[in-house]
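Participant: Pasting a structure here, questions to come.
Numbering (the working numbering), first residue to last: 39 to 475.
Okay, here's the thing in structure tokens:
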């Protein structure tokens, strides 16, 4: 598993998830042991900015240990389930993920992102009533409850149940128990730093002014308490069901750079495959990766910023290159800083090369372009397109003319490009006079 800059969070997650499932296994193998009354399940709260790997880490761990896994977005749920989704749908989705195996689903992982969005705002009313309701509904699931697999608001499920009752005379009621389902919730908690900062600064005990001054950013989040979460807008009972807290740090330029450097980076390998689908090999040098990381860091969206920056730079190449003869794209810092100019140069070079190839095939004559001639074409064709048609049209008679002049090669200069017709006439006349003498 490859995760950048989140060693502490990964350690917390892997340890607590491992302990949770080992404990479940122990209790299954030792059913005679007395149940511990009041025992709190190790549900986990992850706090960190967007794009730092929260979902990625949880999904990888679930896949590694081979348990059913579902992800939900807290903003999609409502208290009633009639407007928005019902939190119990997550449990039903877990059964679907387990291919109907209820026993397996009862040992799955439910991951809920954007949990900070269901925190109630102090001093407000209206939507906050629903947010508190969602918290309470989730609280029931995180403790222990039984969820009917037939959703009460699902008309299709209800009709199916009615038909089954009419057919068998019994009302089937399949349920799933949430006692052993591990819940992991996460959010960015944008305003949490302010809450912790205020508490720390107001608490003079154990904190000198000098010590407070050196605490900043991620360090404040490491001091988070139950009191801070309640202040943020969560019910105390809800917070009590999330005893494990993991803090994920901002990746920064170095972290983003290291993500791309990894051979298994989905950002780079995904983009390479996009181009490979057109038969084009994509390669990025170290300076280009650095520049992309610096730009992505300014987006403030973590690793997602890498994809966004990469798309902005490479989309024009992805659009234009498949229709050319170019089979390799090398990305350096210069290309990243001025992709439009780099693409123009590539397209012109490609059309020149295609013209040279076709001209040689048709006439047996080698056409060479001086550097000044290429610069001339760059200046004339801002978008880099149309060069091929221009050359084919203006040099269509050159094959015949150059053969008359006895040339098996020809150098194209800016003077030739300015008036190719007149230059060819002059060349033929000079050759004719020379032969006549």
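Ideal Cβ placement from N, Cα and C applies to all residues, glycine included.
1) When DSSP builds the beta bridges, which residues end up paired with residue 406?
2) Three-state secondary structure (DSSP) at residue 471?
3) Can you give, in chain order, each stretch of the alpha helix (DSSP H) that sits fully within the segment 291-319 and has at least 4 residues?
4) How long is the line joining the alpha carbons of residue 274 and residue 267, rounded to whole angstroms?
5) Which residue's Cα is closest to the Cα of residue 189: 350, 212, 442, 178?
6) Leaving out five residues on either side along the sequence, give the residues of the same chain with a beta carbon under 6 Å from the beta carbon of residue 269.
7) Taking the beta carbon of residue 276 as the centre, do at least 16 other beta carbons fall within 10 Å, making it buried, or is it exposed?
8) Roughly how many angstroms separate the alpha carbons of residue 470 and residue 393, rounded to a whole number?
9) For residue 438, tell me which candidate among 44, 42, 466 has the shortest Cα-Cα distance.
10) What residues match up with residue 240 in a beta bridge as DSSP calls it?
11) Please return the same chain residues whose Cβ sits closer than 7 Å to the Cβ of residue 400, not counting the five positions on each side in sequence.
12) Among 231, 345, 359, which one has its Cα closest to the Cα of residue 86?
13) Report the start-end ranges of each beta strand (DSSP E) in the segment 90-164 that is 3 residues or longer and not cut off at the edges.
14) Let's test the definition: count the other Cβ atoms within 10 Å of the Cβ of residue 130 and tell me whether it reaches 16, buried, or not, exposed.
15) Looking at C-beta atoms only, is the number of pairs between the segment 145-159 and the segment 105-115 that lie closer than 8 Å three or more?
16) Spell out the partners DSSP gives residue 186 in its beta bridges.
17) Flag this pair as yes or no: are the beta carbons of residue 151 and residue 224 separated by less than 9 Å?
18) In this structure, how does DSSP classify residue 368 when only helix, strand and coil are distinguished?
19) Quick check on DSSP: helix, strand or coil for residue 478?
20) Tell me the DSSP bridge mates of residue 83?
21) Are the segment 363-374 and the segment 401-419 touching by the rule of at least three beta carbon pairs closer than 8 Å?
22) Measuring straight from C-alpha to C-alpha, what distance separates residue 387 and residue 296?
23) Less than 9 Å separating the beta-carbons of residue 360 and residue 316?
24) Here's the rule I'm using: 16 or more other beta-carbon atoms within 10 Å means buried, otherwise exposed. How should residue 335 be labelled?
25) Whose C-beta lies closer than 7 Å to the C-beta of residue 162 among residues of the same chain, with five residues either side of it excluded?
26) Is the CB of residue 223 under 9 Å away from at least one CB in chain D?
27) For residue 169, I'd like the list of residues in its chain whose CB is within less than 6 Å of its CB, leaving aside the five on either flank, ordered along the chain.
28) Which residues bound the alpha helix (DSSP H) around residue 424?
29) Applying the criterion that 16 or more other CB atoms from any shown protein chain within 10 Å of the CB defines a buried residue, is residue 344 buried or exposed?
30) Using 8 Å for Cβ pairs, my map puts residue 78 next to residue 281. What's the rounded Cβ distance?
31) Could you check the C-alpha separation between residue 457 and residue 324 for me, to the nearest Å?
32) Are there three or more Cβ pairs, one per stretch, closer than 8 Å when the segment 89-104 is compared with the segment 132-144?
33) Quick one: give me the first and last residue of the alpha helix (DSSP H) that residue 379 is part of.
Facilitator: According to the data block:
1) For this step, residue 406 is matched to residue 368 along the chain shown. Within the DSSP secondary-structure output, residue 406 pairs in a beta bridge with 449.
2) On the chain shown, residue 471 is found 433 positions in, with the first residue counted as 1. Residue 471 falls in the helix class under three-state DSSP.
3) Entirely contained in the segment 291-319, the alpha helix (DSSP H) runs reaching 4 residues are, in chain order, 304-314.
4) What you label residue 274 is simply residue 236 of the chain shown in a count that begins at 1. What you label residue 267 is simply residue 229 of the chain shown in a count that begins at 1. When rounded, the distance between both Cα atoms is 8 Å.
5) On the chain shown, residue 189 is found 151 positions in, with the first residue counted as 1. Closest by alpha carbon: 212.
6) Working through the chain shown from its first residue, we reach residue 269 at position 231. Excluding the 5 residues flanking it on each side, residue 269 has same chain C-beta neighbours closer than 6 Å at 233, in chain order.
7) Along the chain shown, one-based indexing puts residue 276 at 238. With 16 or more Cβ atoms within 10 Å of its Cβ, residue 276 is classed as buried.
8) As a position in the chain shown, residue 470 is number 432, starting the count at 1. As a position in the chain shown, residue 393 is number 355, starting the count at 1. Distance between the alpha carbons of residue 470 and residue 393: 27 Å.
9) Here residue 438 corresponds to residue number 400 of the chain shown, with the count starting at 1. Taking only the C-alpha atoms, the option nearest residue 438 is 466.
10) Within the chain shown, the letter at position 202 stands for residue 240. Answer by DSSP bridge pairing: none, since residue 240 is not bridged.
11) What you label residue 400 is simply residue 362 of the chain shown in a count that begins at 1. Within the same chain, and ignoring the five residues on either side of residue 400 in sequence, the residues whose Cβ sits closer than 7 Å to its Cβ are 437.
12) On the chain shown, position 48 is the one that residue 86 refers to. When only C-alpha atoms are compared, the closest one is 231.
13) The DSSP assignment places 107-111, 147-151 as complete runs of the beta strand (DSSP E) inside the segment 90-164, in order along the chain (cut-off: 3 residues).
14) Counting from 1 along the chain shown, the entry for residue 130 is found at position 92. Taking all protein chains in view, the Cβ of residue 130 is crowded by 16 or more other Cβ atoms within 10 Å, so the residue is classified as buried.
15) With the cut-off at 8 Å, the segment 145-159 and the segment 105-115 touch.
16) The residue labelled residue 186 in the question sits at position 148 within the chain shown. 213, per the DSSP bridge assignment.
17) Reading the chain shown from its first residue, position 113 is the one you call residue 151. Reading the chain shown from its first residue, position 186 is the one you call residue 224. At the C-beta level, residue 151 and residue 224 come within 9 Å of one another.
18) Residue mapping note: residue 368 aligns to position 330 of the chain shown, counting from 1. Residue 368: strand per DSSP, three-state reduction.
19) Examination of residue 478 is not possible in this model, given that the chain is present from 39 through 475 alone.
20) Here residue 83 corresponds to residue number 45 of the chain shown, with the count starting at 1. According to DSSP, which records beta bridges pairwise, residue 83 is partnered with 223, 283.
21) Touching, no, given that fewer than three Cβ pairs across the two stretches are closer than 8 Å.
22) Numbered from 1 along the chain shown, position 349 holds the residue referred to as residue 387. Numbered from 1 along the chain shown, position 258 holds the residue referred to as residue 296. Each residue's CA atom was taken as its position, placing residue 387 and residue 296 some 34 Å apart.
23) Sequence index remark: in the chain shown, residue 360 carries index 322 (1-based). Sequence index remark: in the chain shown, residue 316 carries index 278 (1-based). Yes; because the gap between Cβ atoms is below 9 Å, this pair is in contact.
24) As a working mapping, residue 335 is identified with position 297 in the chain shown. Classification of residue 335: buried, given that the 10 Å Cβ count is 16 or more.
25) Taking the chain shown and counting its residues from 1, one reaches residue 162 at position 124. The predicted model places residue 162 with a pLDDT of 45, which falls under 50 and marks its position as unreliable, so this point remains unresolved.
26) Of the protein chains in this structure there is only one, and it is not chain D.
27) Position 131 of the chain shown, counted from the start, is the residue given in the question as residue 169. In chain order, 156, 158 place their CB closer than 6 Å to the CB of residue 169, counting only its own chain and leaving out the 5 sequence neighbours on each side.
28) Walking along the chain shown from the start, residue 424 turns up at place 386. Where residue 424 is concerned, there is no enclosing alpha helix (DSSP H), given that its DSSP letter is neither H nor E.
29) If you number the chain shown from 1, residue 344 lands on position 306. So residue 344 counts as buried.
30) Taking the chain shown and counting its residues from 1, the one referred to as residue 78 is at position 40. Taking the chain shown and counting its residues from 1, the one referred to as residue 281 is at position 243. Between residue 281 and residue 78 the Cβ distance is about 6 Å, and since that is below 8 Å, they are a contact.
31) Along the chain shown, read from residue 1 onward, the residue named residue 457 stands at position 419. Along the chain shown, read from residue 1 onward, the residue named residue 324 stands at position 286. Each residue's Cα considered, the two are about 44 Å apart.
32) Touching, no, given that fewer than three Cβ pairs across the two stretches are closer than 8 Å.
33) Here residue 379 is taken as the residue at index 341 of the chain shown, counted from 1. Segment 377-401, the alpha helix (DSSP H) holding residue 379.
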